[in-house]
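Accompanying notes for the structure given below.
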Amino acid sequence: MLREYLILSRGGQGGVTASRILAHAAAIEGKYSQAMPEFGAERRGAIVRSYLRISDKPIRVHSVVKRADAVAVFSSKVLNLVDVAKYCKEGAAVIVNSATERRVSTFKTYVINATKIATDLGLVVAGWPVVNTAMAGAMARVLEICSLDTLLTVMENYFSGKILELNREAAKLAWSSVREVG
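Using the numbering used here, read the sequence shown as starting at 1486 and increasing by one per residue.
In structure tokens form, the structure reads like this:
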């Protein structure tokens, strides 16, 4: 079955990298996958959209995801700027990086404090917490995209050395602490 996901992040948070890591991990586990960023003249802090598709059959569509099975919001401030509900299919899940338990409309909502995880681990660039691997860990678990072991293994293709270990730790912490609210 084809599953379509939307990642809403801010420039510098790693939303594009998260979509690529998750697509790669799904492919390692034998699924078909596709990750596509939507680029414009984004700069650090601007809203960035990334699209992720995962299926047990070849994916024939190559366009933006208009109505997603799940939306991952990498900054809770985006909820004040974007009507997330208009991107959600009926019954969609919403995964939010937030320190508070904030339900999104009538959707099944999950929260993870990815900012705290990234900050505590020192995953900060130019003062911005890079929450991509924490959010990838939360998404992988909630959406059953891949196993934690596969996610951690795939990260070797994106990071190395100490940064690899910190990103793996971020994913593990998020995997174990993401929770449903509501």
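Glycine included, each C-beta is placed from N, C-alpha and C at the ideal position. Keep in mind it's a predicted model, so treat the numbers as computed, not measured.
Span separating the alpha-carbon of residue i from that of residue j
i	j	result
residue 1641	residue 1649	7 Å
residue 1608	residue 1574	33 Å
residue 1654	residue 1547	33 Å
residue 1673	residue 1665	Only positions 1486 to 1667 of the chain appear in the structure, and residue 1673 is not among them; the question remains open.
residue 1543	residue 1517	6 Å
residue 1651	residue 1493	23 Å
residue 1576	residue 1570	11 Å
residue 1429	residue 1591	The displayed coordinates of the chain run from 1486 to 1667. Any statement about residue 1429 would go beyond what the structure contains.
residue 1599	residue 1610	15 Å
residue 1627	residue 1663	8 Å
residue 1597	residue 1585	9 Å
Of the residues the options, the one placed nearest residue i, counting alpha carbons only
i	options	result
residue 1486	1531, 1541 and 1520	1541
residue 1636	1535, 1657, 1580 and 1498	1657
residue 1523	1491, 1602, 1510 and 1621	1491
residue 1593	1604, 1601, 1579 and 1584	1579
residue 1505	1537, 1602, 1561 and 1531	1537
residue 1632	1562, 1511, 1560 and 1595	1511
residue 1615	1530, 1630, 1626 and 1513	1530
Opposing strand residues paired with residue i [DSSP bridges]
i	result
residue 1491	1536 and 1556
residue 1665	1595
residue 1609	1614
Item to check | Completely contained alpha helix (DSSP H) runs for the segment 1519 to 1607, where each covers 4 or more residues | outcome: Counting only runs of 4+ residues, the alpha helix (DSSP H) found wholly inside the segment 1519 to 1607 occupies 1599 to 1606, in chain order.
Checklist entry - If you scan the segment 1634 to 1658 from start to end, which runs of the alpha helix (DSSP H) of 4 or more residues do you find wholly inside it? => result Correct list: empty.
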